[in-house]
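Colleague: Chains as they are written, first to last, in the numbering used here: chain L, 313 to 579; chain E, 229 to 474; chain B, 31 to 257.
The structure's right below; bear with me while I get my questions together.
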Amino acid sequence: MKQTLALAIALLGAATPVLADRLDDIKKAGVLRVAAFDSNPPFGFLDAQTRQISGLDVDVAKAIATKLNVKLELVPTNPANRIPLLVAGKADIVAANFTVTDERRKQVDFSIPYFASGQQFIAYKGKLQKPEQLAGLRVGVDKGTTQEIYLREKYPATTVVAYDDTPLAFTALRNGNVQAISQDGSKLIALLANAPDKQKYEVAPFTLSREYQAIGLPKGETRLTKLVNETLHELEKSGEAVKIYDHWFGPTTKAPLPRDFKIGDQG
Amino acid sequence: MTPPAWLGQNWLAPHYLIWLLKGALLAAWLALLVCIAATLLGTLLTALQASHQRAIRIPTDTFLSLHRNTPLMVQLLLWYFGVSGLLPDDAKQWLNTPHVLALPAGLSLAWPSFEFLAAFTALTLYSASFIAGELRAGLRGVSDNQRAAAQALGLTPWQTFRWIVLPQALVIVRRPLVGQYTAVIKNTSLTMTIGVAELSYSSRQVETETLLAFQAFAVATVLYLALVLLLQISGRKPVPAWRPAP
Amino acid sequence: MPDFLASNLDYLLWGNLAHGAPGGLLLSLLMSVAAGIVASALGLAGGTALVMGGPRLRSVLKTLVVLLRAIPVLMLIFWCYFLLPILFGIDIPGVLTVIAALAIINAAYLSQSVQSGIEAIGRGQWGAGLSLGLTRWQTLRHIVLPQALRIMLPSFINQWITLIKDTSLAYVVGVAEFTFVATQVNNREQVYPLQIFAFVGLGYLLVCGGLELLGRRWERRWRYGAA
């Protein structure tokens, strides 16, 4: 009887939000589990040599683990399961090119942004010069991205086709299934640099919106959120943030992109 | 009423439910078309496979083997990207722009999107290959003695097939066939890879917008369940199964 | 072989095996074998129970089978992986979740094939067995099952092939099987999706096609054996 009662309480306990602090759990376990993309270069992707996940998001995650003085464990994620991983407690935080929106803020807490980008387009050269030309076009996007939401809401005359990932969307463009694809500008420039037939395409000369990427945290974990924010501020102050950025987007990379955002610019 | 905390702060707003319902309708429509086409094609393939001519049988076997033994996702990608890569630019352009035929009384008939066409083609060929497998198994399940007996009675091969083999084979094959149709419904979910806005696609859209992953996927699961149960109930046979007396 | 395939070939075929983490095609095969064995055993037991069991057992099993067949495999894997820890605090690793989900769902399919196979043998065979003085179970074991298995074999092969291909759904819980690692490689290389997925298709074709040929050979041997 006692055991049944204990089990029932345990079940209830698991089903209701536990008040225990995630930060204490992380320290006790000695491991920070971070959900990071494994298919989204250069934010989170499989390194060709080490066969481990690396990228800009991972470098930020490393800094947070170091600050906590715990080991870093990366959990590969994709847009379909990053929230379930967080909610089911299989990851402590999400560092996966996670764009902040007000609607999303209802479900997760965000740290201060550590990256900013704008929604841009790749199209055949000369075919897309200004946003007005988007009407009537078929535009390919990645599933799970805010670019999809923005286009659907602000450009109802545009047909949005969502593919599983960027390579498929780009193939759709090369095959003529769509006339343009939309992504973070930071991703598109690198994508184009990789393409064997890059002279046929260009990044359209306009940016639709400014987007901010931040760490996603479970709701109500104020101590953990505060610590993550502190870490991000310190990264900027020590110059480490610039180093991380330059490693992925600096002048020596395949697709250089000037840094126009400092951590702390956005609250 | 607010949901338990782990479900997030909200239930799904009504307009998201409508997205999901629309997705379910498209999935059901695609599945229906595929089931019809795949059954016809599957029957044809079964007949070709039974041919005594090697020149017919071997290509048929190869076709079946290629389609059954590779993932549907790969086949979808090849039909969508591979075929559109081969088409001349004009045809490609035509297929990728919407065409609506206005009918009298305010009705209109839209030419399906290229995504839908590619999905239909790939799913039909894939499903037909499995249906052919079930039909063949059903024919095999009728023992050779039955054929011999029928022919001894003076029935022609066609009469034997029509009156002796086919009725028994249909009994064996009915349940597996419903199983294949079930698989078609569930397989429509893979067409989201090539941008068909069916149920899984819309559940991902809802998730992207709201981050209410569990709710979106739960509604999708229930809708798939409903579609399949609808099929299984309508596929019930009128005669109860025979079983050995206890 | 193009560069982008050659340099990733080992990763696609066996993942980070050197670091003790099998992945790629190897992991797909390991999961398939495990799930296939469990599914076949459960399916045979379930199908027999669907014919031989009492009315209550039969109706419980029937409902279970209908429900399991109605849920998309992807969703089943998803819910097992994410809901169990939330509701019951049970945390099962991804690979085990996938094996369990695939085993259960394929067992549901197989049990129906087994039931159909047994029923297809027909009243005469049962009558013959029973009139020889055999019990129902003896008749099943010695007269009906051997014939039924012959009818069922193609269904079993079909189901195993489906199972092997369904391991690719493990991506939703982050298990590094063949399709999953191919997606990783695809996204790093960015511009060769068709070639990479054609390679994936070839991998599955070799495995599943091999299994199909093997099945054909068994089938032929059994037919001659039975004649």
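Heads up, the beta-carbon is just placed ideally off N, CA and C, and yes, glycines get one too.
(1) Candidates Gly342/L, Ala526/L, Asp577/L, Thr411/L: which alpha carbon is nearest Glu437/E's?
(2) Along the chain, where does the alpha helix (DSSP H) containing Arg432/E start, and where does it finish?
(3) Based on the DSSP output, what are the partners of Lys383/L in its beta bridges?
(4) Between Tyr475/L and chain E, is the shortest Cβ-Cβ distance under 8 Å, so that the two count as touching?
(5) Specify, as a first and last residue, the run of the beta strand (DSSP E) that Gly430/L falls within.
(6) Could you give the uninterrupted runs of the beta strand (DSSP E) lying entirely in the stretch 308-348 of chain E, keeping only those of 3 residues or more?
(7) Under three-state DSSP, which class holds Ala526/L?
(8) Where DSSP assigns a beta bridge to Ser494/L, which residues make up the other side?
(9) Whole angstroms is fine: what's the gap from Gly356/L's alpha carbon to Leu98/B's?
(10) Applying the 10 Å Cβ sphere with the 16-neighbour rule, what's the burial state of His327/E?
(11) Please go through the same chain and pick out, in chain order, the residues whose beta-carbon is closer than 6 Å to the beta-carbon of Lys531/L, but skip the five residues on each side of it.
(12) Reducing DSSP to helix, strand and coil, say where Asp121/B ends up.
(13) Taking C-beta pairs closer than 9 Å, name the residues in chain L that Asn217/B reaches, listed in chain order.
(14) What's the gap between the Cα of Leu329/E and the Cα of Phe210/B?
(15) Taking DSSP as the reference, what is the three-state secondary structure of Leu446/L?
(16) Where does Thr449/E sit, in a helix, a strand or coil, going by DSSP?
(17) Hey, is the stretch 256-274 of chain E in contact with the stretch 405-425 of chain E, meaning 3+ C-beta pairs nearer than 8 Å?
(18) Output yes if chain E places a C-beta closer than 8 Å to the C-beta of Gln419/L; else output no.
(19) Note down the Cα distance separating Val475/E from Ile264/E, rounded to an integer number of angstroms.
(20) Assuming Gln491/L and Leu449/L are in contact, meaning their beta carbons sit under 8 Å apart, how far apart are those beta carbons, in whole angstroms?
(21) So which of Asp454/L, Asp476/L, Lys510/L, Gly367/L has the shortest CA-CA distance to Thr421/E?
(22) Along the chain, where does the beta strand (DSSP E) that runs through Glu546/L open and close?
(23) Does DSSP put Thr564/L in a helix, in a strand, or in coil?
(24) Going along the chain, which residues of its own chain have a beta-carbon closer than 6 Å to the beta-carbon of Arg364/E, five neighbours each way excluded?
(25) Any contact between the stretch 347-360 of chain E and the stretch 295-305 of chain E? By contact I mean 3 or more CB pairs, one from each, below 8 Å.
(26) If you measure from the beta carbon of Val96/B to each beta carbon in chain E, is any gap under 8 Å?
(27) First and last residue of the beta strand (DSSP E) that includes Gly407/E?
(28) Please confirm if Met31/B has its CB atom under 8 Å from at least one CB of chain L.
(29) Between Ile365/L and Pro388/L, is the Cβ-Cβ spacing less than 8 Å?
(30) Using the Cα positions of Asp372/E and Thr388/E, report the straight-line distance between them to the nearest angstrom.
Modeller: Quick answer:
(1) Among Gly342/L, Ala526/L, Asp577/L, Thr411/L, the Cα nearest to that of Glu437/E belongs to Thr411/L.
(2) Taken as a continuous stretch (DSSP letters only), the alpha helix (DSSP H) holding Arg432/E covers 427-438.
(3) DSSP lists Val343/L as partners of Lys383/L.
(4) Yes - at least one Cβ of chain E is within 8 Å of the one on Tyr475/L.
(5) 427-436 is the extent of the beta strand (DSSP E) around Gly430/L.
(6) Taking 3 residues as the shortest admissible run, the stretch 308-348 of chain E contains the following complete beta strand (DSSP E) segments, listed from N- to C-terminal end: 327-330, 336-339.
(7) Of the three classes helix, strand and coil, the one that applies to Ala526/L here is strand, per DSSP.
(8) In DSSP, Ser494/L forms a bridge with Phe433/L.
(9) Cα to Cα, the separation comes out at about 36 Å.
(10) Burial state of His327/E is exposed, judged by a 10 Å Cβ sphere holding fewer than 16 other Cβ atoms.
(11) Within the same chain, Lys531/L has close Cβ partners Asp421.
(12) Residue state, collapsed to three classes: coil.
(13) Under the 9 Å cutoff, chain L gives Phe349, Asp350, Ser351, Asn352, Pro353, Phe357, Leu358, Asp477, Thr478, Pro479.
(14) In this structure, the CA atom of Leu329/E is about 42 Å from the CA atom of Phe210/B.
(15) DSSP places Leu446/L in helix when its eight states are reduced to three.
(16) Here Thr449/E sits in helix by DSSP.
(17) Cβ pair count under 8 Å is three or more, so yes.
(18) Cβ-Cβ to chain E under 8 Å: yes for Gln419/L.
(19) An answer regarding residue 475/E cannot be provided, because it is not within the stretch 229 to 474 covered by chain E.
(20) About 5 Å; that satisfies the 8 Å criterion.
(21) Between Thr421/E and the set Asp454/L, Asp476/L, Lys510/L, Gly367/L, the nearest pair of CA atoms involves Asp476/L.
(22) Residue range 534-550 is occupied by the alpha helix (DSSP H) that includes Glu546/L, with no beta strand (DSSP E) assigned at that position.
(23) Three-state DSSP puts Thr564/L in coil, outside helix and strand.
(24) Closer than 6 Å at the Cβ level, and outside the excluded window around Arg364/E, lie Thr274.
(25) Touching, yes, given that three or more Cβ pairs across the two stretches are closer than 8 Å.
(26) Chain E, which has a Cβ nearer than 8 Å to the Cβ of Val96/B, makes this yes.
(27) Where Gly407/E is concerned, there is no enclosing beta strand (DSSP E), although the alpha helix (DSSP H) it sits in stretches over 394-415.
(28) With 8 Å as the cut-off, Met31/B does not count as an interface residue toward chain L.
(29) A Cβ-Cβ contact shorter than 8 Å links Ile365/L with Pro388/L.
(30) If I take the Cα positions, the gap works out to 11 Å.
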